[in-house]
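Peer 1: Taken in sequence, the protein lines are chains F and L. To convert a position in the first sequence, counted from 1, into this note's numbering, add 1428. To convert a position in the second sequence, counted from 1, into this note's numbering, add 337. Please see the structure below; I have some questions.
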Amino acid sequence: MTKPAQFRSCPTTGLRVERSAENLIKANAVAAVVFLAVGGFFGLLVALTRWPAVHFLPADLFYLALTAHGFDVLLVWIIFFEMAVLYFASAVLLSSRLAGPRWAWTGFALMLSGAVITNVAVLRGQSTVMFTSYVPMMAHPTFYLGIILFAVGALIGCCVFFGTLVVAKQEKTYEGSIPLVTFGAMTAAIIAVFTIASGAIILIPTLLWSMGLVTYIDPLLYKTIWWAMGHSSQQINVSAHVSVWYAIAAMVFGAKPISEKVSRMAFLMYILFLQLASAHHLLVEPGFSPEWKIFNTSYAMYLAVLGSMVHGLTVPGSIEAAQRRRGYTKGLFEWLRKAPWGNPAFSGMFMSLVFFGFLGGISGVVMGTEQINLIMHNTLYVPGHFHATVVTGTTLAFMAITYILIPLIFRRELRMKALAKWQPYVFGIGAAGISLFMMGAGTLGVARRHWDITFADAQLPFDYPSAAYLMMGLNGMFAVLAAIGGLMFVVIVVSSVFFGKRLAIDEKPSYPEVPPTARAVGHYGSAESIHIPGTAVLVGIFFIAFVLYYFVNWKYLSEVWPLS
Amino acid sequence: MAISPPTERIWWKEPIARVELIWIVIAFVWGLVMFSMMIYWHGAGEQNLSSEAYKIKPQAFAQKAQTMIDQYTVRQEGGFPVVRPPVGSDVYLIARLWQWWPILELEKDQSYRLHLSSMDWQHGFSLQPVNINVQVHPGYEMVMKLKPNQSGEYGVVCNEFCGIGHHTMVGRIYVVE
Ligand code: HEM
Ligand SMILES: [Cu+2]
Ligand SMILES: [Cu+2]
């Protein structure tokens, strides 16, 4: 039968950490980083090919690399890391044992084998269909099979997470309500269950179809259900990385949410306004009515966007409040200037917050507007937008918290601290660059998933404006920067995890500084006295940028050929 | 802290800070504005994609397009028929591996009913440099009323991945005075 759970006590946080939870976090995080390295490498190849002066890969390998890139980073890297986040937010933060570690390992094994199977299918050249695999273009059956196995594994991981919440409650390992970060992780897990169910509904028939057992899959139906998975999975990412923001703010500053109620409501919005129909991916498909599109892109009032806008205030607000309490009260921004910009956990988290909001958030809402989508659909604007959300947002946040997990969970001293200090900047600025320049190219009409913007082999000649070439060149350069940042991350993590100095059982890591003594800020009932003018100015700037950019795009739209 | 249980057990009864409240109200109102903009544009704007679409077999669509091509071809260009359909008529554009067939010649400031459908996989109709982008499915015929408001030569790029020849799939539309 199962052995009793073994615990150690964390010298930094005082939390009880169970052995099997710890091992699972390690395994999932390591697998995640491996696939980030592989997928990031494909991303670099793709970007070098789209740089007209370099045009690196031949066409068939380009499309193959693009398929592998999308799958490995968007699905495999992010979801493996999310499993680590789920186990951390449940077992570790609640000082509980993990429910069913055997199950968790089974899930891990399924995910790993699924990821490998799909990669093999892609690399053998039988499944160059992009990770969206729109029918009727058909991949090898193992392509779908791998994704399904991966999803089942992730579903098991979510169940283990929910089980752990129950165990912790029954065994009374904590008092009162679960922490905000755990709550955020819980919203991510709930959305994940919905996501995986949608994935099963569409991918299982598609697998059968690729095996010849089903004769027809409607392309529009496929897309509608596929995006019920694809879109919701992005909401998982948002819930997870916002949780990570809160966690880092708490660990680096001792920051306390300004109001638990508001922050939790904001998370709840993600579940309630998930955009079940994932309408904003279907705005220029045949046959959907305007009423359906308008309602489902916005649920009449953009409440999921509201959720993110609230976090955009409360996360920096809680940091500002914590810093002011520590005495950084001069002017509007002393709290920000004197923040630990040399601590990669903080710098990564803060850039993630800023880029996610300014680049990813604004562009996403604009592109998801019923009519405006017409001037952006399937142009490079789309990858530009989601590199801001999933790369500068999710990926950067996950990198940032890795710097904290290495000493806390892997119990190793971080190596190459000087490199680590710069890593978030190199990666963050590189990734922000590719987002911006792809959006720029998209605004000029450049197609996504396209090997040759010079159309050298086309039957009829055509040319994009010369500014498009400039954009693609800049995109290539920033891609190199992002790739260097990604490589720095992988090198630092691998060398610390395998060769870093082991921390003694009761030894506190010295880096990155995570002051456990940081005082919790404010107490409830002090709501009237919360003073965060710097954050108020920041969100004000954000709001103005949002409004201006939104209307500029209506202006662009008004200039295209009238159509109805 | 966000990583420990809330210190106030009954956190849901605590008052909300003023800045938070103000920001929530602003964000909420902005959401309503954005929602209303989409509805407003249906009345006041000129760019609203139609929802007219039919299920159709690829052969049937090709048949309709061929009828148009037979009737209104005015010349050949690089192996493509150039078709000049009557003003206001139904105009067909076939998407297939890897062509937009045929070349169309339209008159400026006149409306046409453009029909789009694919013979095989999905394609992306990307009219450049105007930058109008819509998805083209096999089995579905999408119809939209289009009114070119500038004369010139326009490219139709495919912007949905459609296999190894995807980047060679370019069509053309002429708009003449
Ligand atoms: C070194 C870092 C990276 C570089 C240089 C890079 C570059 C690119 C480029 C140039 C494209 C192709 C756009 C196109 O032709 O349509 C692309 C696509 C994509 N990237 Fe990245 N990327 C990077 C990291 C990431 C990460 C970390 C993620 C996810 C977390 C990601 C997710 C995607 C996805 C989902 C696509 C779309 C694939 C498709 O259209 O099927 N990328 N990337
Ligand atoms: Cu095509
Ligand atoms: Cu194509």
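Ideal Cβ placement from N, Cα and C applies to all residues, glycine included. In this text, all values refer to a predicted model and were calculated from it rather than measured experimentally.
Buried or exposed: L/Tyr377, going by 16 or more other Cβ atoms within 10 Å of its Cβ?
Peer 2: exposed
Peer 1: Going by C-alpha to C-alpha distance, which of F/Ile1972, F/Trp1720, F/Phe1499 sits closest to F/Ala1543?
Peer 2: F/Phe1499
Peer 1: Where does F/Gly1928 fall in DSSP's three states?
Peer 2: coil
Peer 1: From the DSSP output, which residues share a beta bridge with L/His460?
Peer 2: L/Val473
Peer 1: Can you tell me which of the three DSSP states L/Gly489 falls into?
Peer 2: Correct three-state label for L/Gly489: strand.
Peer 1: Could you tell me the alpha carbon to alpha carbon distance between F/Glu1762 and L/Pro475, rounded to whole angstroms?
Peer 2: 59 Å
Peer 1: Relative to chain L, which residues along the region 1653 to 1679 of chain F have a C-beta separation below 7 Å, given in chain order?
Peer 2: Tyr1674, Ala1675, Ala1677, Ala1678, Met1679
Peer 1: Return no unless some Cβ of chain F is closer than 7 Å to the Cβ of L/Trp458.
Peer 2: yes
Peer 1: Taking the alpha-carbon positions, what's the L/Gln351 to F/Leu1494 distance?
Peer 2: The question names Gln, but residue 351 of chain L is Glu in the sequence shown. Answer to the nearest angstrom: the Cα atoms are 50 Å apart.
Peer 1: Assign L/Gln472 to one of two classes, buried (16 or more other C-beta atoms within 10 Å of its C-beta) or exposed (fewer than that).
Peer 2: Flag for L/Gln472 reads buried.
Peer 1: Please look up how many angstroms separate the CB atoms of F/Ser1691 and L/Ala354, rounded, as I've assumed it's under 8 Å.
Peer 2: That pair is no contact at about 11 Å.
Peer 1: Tell me, please, which residues DSSP counts as bridged to L/Pro418.
Peer 2: L/Gln413
Peer 1: Just to confirm my understanding: we take F/Thr1945, look at its own chain, exclude 5 residues before and 5 after, and list those with CB closer than 8 Å. What are they?
Peer 2: Below a pLDDT of 50, predicted positions are generally treated as unreliable, and F/Thr1945, at 44, falls in that range; the measurement from the model is reported next regardless. Cβ within range, chain order: Gly1682.
Peer 1: By the 10 Å Cβ neighbour count, where 16 or more other Cβ atoms means buried, how is F/Gly1788 classified, buried or exposed?
Peer 2: Result: buried.
Peer 1: Going by DSSP in three states, F/Thr1963 sits in which element: helix, strand or coil?
Peer 2: helix
Peer 1: Look at the Cβ atom of L/Ala390, then the Cβ atom of F/Pro1714, and state whether they are nearer than 7 Å.
Peer 2: yes
Peer 1: Alpha carbon to alpha carbon, how far is F/Leu1864 from F/Leu1902? Give it in angstroms, no decimals.
Peer 2: 10 Å
Peer 1: With DSSP run on the structure shown, which of helix, strand or coil describes F/Ala1955?
Peer 2: Because F/Ala1955 sits at a pLDDT of 43, beneath the cut-off of 50, its placement in the model cannot be relied upon, and the following sentence gives the value as read from the coordinates. Helix.
Peer 1: Could you check where the beta strand (DSSP E) with L/Val428 kicks off and where it finishes?
Peer 2: 427 to 433
Peer 1: In whole angstroms, what is the alpha-carbon distance linking F/Cys1438 and F/Glu1510?
Peer 2: 22 Å
Peer 1: Decide if the region 1809 to 1818 of chain F is in contact with the region 1782 to 1800 of chain F; the criterion is three or more beta carbon pairs, one per stretch, under 8 Å apart.
Peer 2: yes
Peer 1: Rounded to whole angstroms, how far is the Cβ of F/Leu1888 from the Cβ of L/Arg509, which I believe are closer than 8 Å?
Peer 2: 5 Å
Peer 1: Is the CB-CB distance between F/Val1743 and F/Val1793 below 7 Å?
Peer 2: no
Peer 1: Tell me whether F/Tyr1572 is buried or exposed, calling it buried when 16 or more other Cβ atoms sit within 10 Å of its Cβ.
Peer 2: F/Tyr1572 is buried by the Cβ-count criterion.
Peer 1: For F/Leu1521, which three-state DSSP category applies?
Peer 2: If DSSP states are grouped into helix, strand and coil, F/Leu1521 belongs with coil.
Peer 1: In the DSSP output, which residue or residues are listed as bridge partners for L/Glu478?
Peer 2: L/Tyr391
Peer 1: Kindly identify the DSSP beta-bridge partner or partners of L/Gln465.
Peer 2: L/Gly492
Peer 1: When we look at the beta-carbon of F/Leu1473 and count the other beta-carbons within 10 Å, is it buried (16 or more) or exposed?
Peer 2: Its Cβ being crowded by 16 or more others within 10 Å, F/Leu1473 is buried.
Peer 1: Would you say L/His307 reaches chain F, if we count a Cβ-Cβ gap shorter than 7 Å as a contact?
Peer 2: With chain L represented from 338 up to 514, any question about residue 307 of chain L goes unanswered, as that position is not in the structure.
Peer 1: Let's see if you can read the secondary structure: which residues bound the beta strand (DSSP E) around L/Leu451?
Peer 2: 449 to 455
Peer 1: Span of the alpha helix (DSSP H) holding F/Tyr1491?
Peer 2: First-last of the alpha helix (DSSP H) with F/Tyr1491: 1487 to 1497.
Peer 1: In chain F, which residues lie less than 7 Å from L/Glu514 when you measure between Cβ atoms?
Peer 2: The contacting residues do not exist; L/Glu514 stays about 16 Å from chain F at best.
Peer 1: I'd like to know if L/Thr505 contacts chain F, where contact means its C-beta is closer than 7 Å to some C-beta of that chain.
Peer 2: Chain F, which has a Cβ nearer than 7 Å to the Cβ of L/Thr505, makes this yes.
Peer 1: May I ask you to list the residues that DSSP assigns as paired with L/Val440?
Peer 2: Sequence inspection shows Ile at residue 440 of chain L; the Val mentioned does not correspond to that position. L/Val419.
Peer 1: Quick one: grab the DSSP three-state call for F/Ala1860.
Peer 2: helix
Peer 1: Residues with a Cβ closer than 5 Å to any heavy atom of ligand 2, in chain order?
Peer 2: Residues with a Cβ closer than 5 Å to any heavy atom of ligand 2, in chain order: L/His460, L/Cys495, L/Cys499, L/Met506.
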